[in-house]
Amino acid sequence: MSEQQKYSNVTKDYLCRFYEILSDMIKGMTEAELTCSISHNFIVQMIPHHQGAIRMSENALRFEICSELIPILDAIIISQREGVREMERLLSTMCSTACGE
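In terms of our numbering, the sequence shown opens at residue 3 and continues consecutively.
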């Protein structure tokens with residue numbers, strides 16, 4: 003507990019949410035339903051990764067941060083949302099590789 007006492011309450015709030023997001027992201031990536039298709043597997047594991055980046059950026063934006071970081075976080079949110087949409091579209095249209103092929 004002494005480790006955490008060196009942080010302000012605001013920093014603790016940020017870190018608590020960060021680690022919740024990180025845990026959800028890792029869970030989503032490791033529990034993704036995998037198939038014999040590397041393409042499918044990559045997409046279903048990357049979607050939670052991108053969603054994690056969005057949520058981490060949104061988390062940071064809740065706090066007073068250096069002004070130079072704000073446009074970077076905004077760009078991450080925009081680009082990662084588009085990446086998720088593109089991967090979801092591809093996932094819905096691509097054919098799966100049968101096991102053993």
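For each residue, glycine too, the CB sits at the ideal point set by N, CA and C.
In this text, all values refer to a predicted model and were calculated from it rather than measured experimentally.
Count Cβ pairs between the segment 80-89 and the segment 33-41 that sit closer than 8 Å; are there 3 or more?
Cβ pair count under 8 Å is below three, so no.
Inter-residue Cα distance where the pair is residue 60 and residue 92:
Against the sequence shown, residue 60 aligns to sequence position 58. Against the sequence shown, residue 92 aligns to sequence position 90. Here the alpha carbon of residue 60 sits roughly 26 Å from the alpha carbon of residue 92.
Mapping DSSP to helix, strand and coil, what is residue 24?
Reading the sequence shown from its first residue, position 22 is the one you call residue 24. The three-state reading of DSSP puts residue 24 in helix, counting H, G and I together.
Please confirm whether residue 90 and residue 49 have their CB atoms less than 8 Å apart.
For the purposes of this step, residue 90 is taken as the residue at position 88 of the sequence shown. For the purposes of this step, residue 49 is taken as the residue at position 47 of the sequence shown. The answer is yes: Cβ separation under 8 Å.
In angstroms with no decimal places, state the Cα-to-Cα distance between residue 30 and residue 23.
By 1-based counting over the sequence shown, the position of residue 30 is 28. By 1-based counting over the sequence shown, the position of residue 23 is 21. Their backbone Cα atoms lie some 10 Å apart in a straight line.
Going residue by residue through the segment 10-78, where are the continuous alpha helix (DSSP H) segments of at least 4 residues, counting only ones entirely within it?
Taking only runs of at least 4 residues, the alpha helix (DSSP H) segments lying wholly in the segment 10-78 are 11-32, 40-63.
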